[in-house]
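In my numbering, each number is its position in the sequence shown, counted from 1, plus 9. Glycine is no exception: its CB is placed at the ideal position from the N, C-alpha and C atoms. Since we're looking at a predicted model, the values are computed, not measured. What follows is a short report on a single structure.
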Amino acid sequence: MNAIQKLTMMSCAVLTCGTVWGGEVKQLPKPVTTGGMPVMDAINTRASGRLYDANKPVDDQTLSEVLWAAWGVNTQGKRTIPTARNQQNMKLYLLTPTGTWYYDGPKNCLEKVNDENLIPLTATQEFVKDAPIHLLYVAKDDMWGRCHVGSAYQNVYLYAASKGLSTVIRGLIDVDALTAKLGLTGGERAIAHQTLGWPEK
Ligand SMILES: Cc1cc2nc3c(=O)[nH]c(=O)nc-3n(C[C@H](O)[C@H](O)[C@H](O)COP(=O)(O)O)c2cc1C
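Structure follows, in structure tokens:
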């Protein structure tokens, strides 16, 4: 891809998703929202997995579908999970070594919110460092907020089962530090962290 094509792609992304931290926006590939394993088989094979192939990255198409399963918008114009009084007030972040990204489901894009590596604030268990994908769920720290997070991570478990990915939801994180780093206010808190990747062979 030449420089002009890159610039055109960047400005399209910014036009679609708006200007954020340093203008960095990443448009995600359109998730494939049909097919996969029958839902009963996915429920039947769902399991937590903590061993990841650290050398096998998760491609953008798969990442887009993971994020969509958790908190995207389906073809009914609905979020992929229900929310109390349709508040749609959960937030989903992707943590990477080079920065933190906010997932905008309706626009199917990631918006960079900082250049910090927040993964160490989740890494209370040894296996976390091997996971290629780190999802951080943010919600109001009340019963409904936690219910929303539960719905979202279960969707990711089912998608992972269907695709042969490994995943685990984790509560052992530094909630206070993550909440502060993300500048969360109004009762919002970091609730849970989900690691995901291809299973170690
Ligand atoms: C709310 C919640 C928090 C969890 N926190 C952690 C965690 O911090 N670390 C971890 O390794 N597993 C964590 N788990 C995963 C559980 O250990 C796992 O679901 C349980 O052992 C049952 O295994 P299964 O999911 O394979 O059925 C958590 C699960 C839930 C539902």
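The Cβ-Cβ distance between I90 and L167 does not fall below 8 Å.
For I178, the shortest separation between its Cβ and any heavy atom of ligand 1 lies below 7 Å.
Around the beta carbon of A170, 16 or more other beta carbons lie within 10 angstroms, which makes this residue buried. Taken through DSSP and simplified to helix, strand or coil, A148 comes out as strand. One alpha carbon belongs to P115, the other to A79, and they sit about 12 Å apart. By the Cβ neighbour-count rule, D151 is exposed, with fewer than 16 other Cβ atoms within 10 Å of its own.
Distances between the C-beta of S57 and the heavy atoms of ligand 1 include at least one below 7 Å.
For Q70, the uninterrupted alpha helix (DSSP H) run begins and ends at D69 to W80, by DSSP.
Remark: the shortest separation between the CB of A132 and any heavy atom of ligand 1 does not fall under 7 Å. In this structure, DSSP gives R88 an extended state, which the three-state scheme calls strand. Between the beta-carbon of H157 and that of T204 there is about 20 Å, and that puts the pair past the 8 Å contact cut. For I178, the enclosing beta strand (DSSP E) stretches over residues S175 to R179. DSSP, read as helix, strand or coil, puts N64 in coil. In this structure the segment 35-42 touches the segment 103-119; the number of beta carbon pairs closer than 8 Å is three or more.
In the structure shown, K116 falls within a coil segment according to DSSP collapsed to helix, strand and coil. Looking at the backbone, the Cα of V41 and that of I182 are separated by about 31 Å. Around the C-beta of G195, fewer than 16 other C-beta atoms lie within 10 Å, and the residue is accordingly described as exposed.
Contact check for Y162 against A186 fails: the beta carbons are separated by 8 Å or more. Between T109 and L127, the CB-CB gap stays under 8 Å. If the five residues before and after K138 are omitted, its C-beta is found closer than 7 Å to the C-beta atoms of A132, all from its own chain and listed in chain order.
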